[in-house]
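Going by this note's numbering, 46 is the number at position 44 of the sequence shown; the sequence numbering is gapless.
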Amino acid sequence: MRRDPIRQVAYFVPDVRVAARAHSALYGSGPYFVAEHIPLTLCRYRGQPGKLDHTSAYGQWGEVMIEFVQQNNPEPSVFFDMYPNGGSGIHHIALIVDDIHAAMRHFEAQGFAEGLYAEVMPGAGFAMMDTVKAYGHFTELYEPTPPLLGVYDLVKRSAQGFDGTDIIRPFAF
3 MRRDPIRQVA
13 YFVPDVRVAA
23 RAHSALYGSG
33 PYFVAEHIPL
43 TLCRYRGQPG
53 KLDHTSAYGQ
63 WGEVMIEFVQ
73 QNNPEPSVFF
83 DMYPNGGSGI
93 HHIALIVDDI
103 HAAMRHFEAQ
113 GFAEGLYAEV
123 MPGAGFAMMD
133 TVKAYGHFTE
143 LYEPTPPLLG
153 VYDLVKRSAQ
163 GFDGTDIIRP
173 FAF
């Protein structure tokens, strides 16, 4: 039986900086690390080659990472699947799993198709499983690689003692 805890809640928004500042003002989350035009070495959308240019802001809210995502290109994507007319809202939750491909097969066996598979570097992939009809959001999967855990650690450590200043901070993969 799987017991993977939610590690992240992600929202699709038109502007990650505006969303991060608003969330921080309301909930005290942050600071937010903004990665512009995140490079992908591989991108597959619904089983076909895809193109995704996106910017993300990562911040901490209690024990959960918050991500704000904006898409910078017009190509079809899992983001536009949920928000085709420029809307915004919750998009996915993220789980860190021991074996991404085994977890993908598990989700597929339960009737949840792969919406997106992408890699930020060869072997460092993430998948968005289409759990929208059942849960109202996608489910993102990735493995606990040292770079990924390093990002989670940086964001969480930076939130300790965060006083609400310097909310937006640059970040690169």
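Glycine is no exception: its CB is placed at the ideal position from the N, C-alpha and C atoms. The model shown is predicted, which means the values in this text are computed figures rather than measured ones.
C-beta neighbour in chain D for residue i, strict 7 Å
i	result
Asn75	The chain labelled as chain D is not found in the depicted structure, where only one protein chain is given.
DSSP-derived helix/strand/coil call for residue i
i	result
Pro7	coil
Arg171	strand
Val15	coil
Val99	coil
Arg46	strand
Ala115	coil
His93	strand
Phe109	helix
Ser26	helix
Tyr154	helix
Tyr85	coil
Burial state of residue i (16 or more Cβ within 10 Å)
i	result
Ile8	exposed
Phe175	exposed
Met3	The predicted position of Met3 is uncertain, since its pLDDT is 48 and thus under 50; a value taken from the coordinates is nonetheless stated next. Label assigned to Met3: exposed.
Asp176	Lying before the first or after the last residue shown, residue 176 is absent from the chain, which here runs from 3 to 175.
Pro172	exposed
Pro33	buried
Leu28	exposed
Gly49	exposed
Gly138	exposed
Cβ distance (whole Å) where residue i is taken to contact residue j below 8 Å
i	j	result
Tyr190	Arg19	Nothing in the structure corresponds to residue 190, since the chain is present only between 3 and 175.
Gly91	Tyr154	Contact doesn't hold; Cβ gap of about 23 Å is too wide.
Cβ-Cβ distance between residue i and residue j below 7 Å
i	j	result
Val71	Asp6	no
Glu145	Ala96	no
Gln10	Met67	yes
Ala21	Val36	no
Lys158	Gln62	yes
Thr43	Pro149	no
Within the chosen definition, does the stretch 42–57 reach the stretch 107–119 through at least 3 CB pairs nearer than 8 Å? yes
The stretch 125–142 touching the stretch 102–110, judged by at least three CB pairs closer than 8 Å: yes
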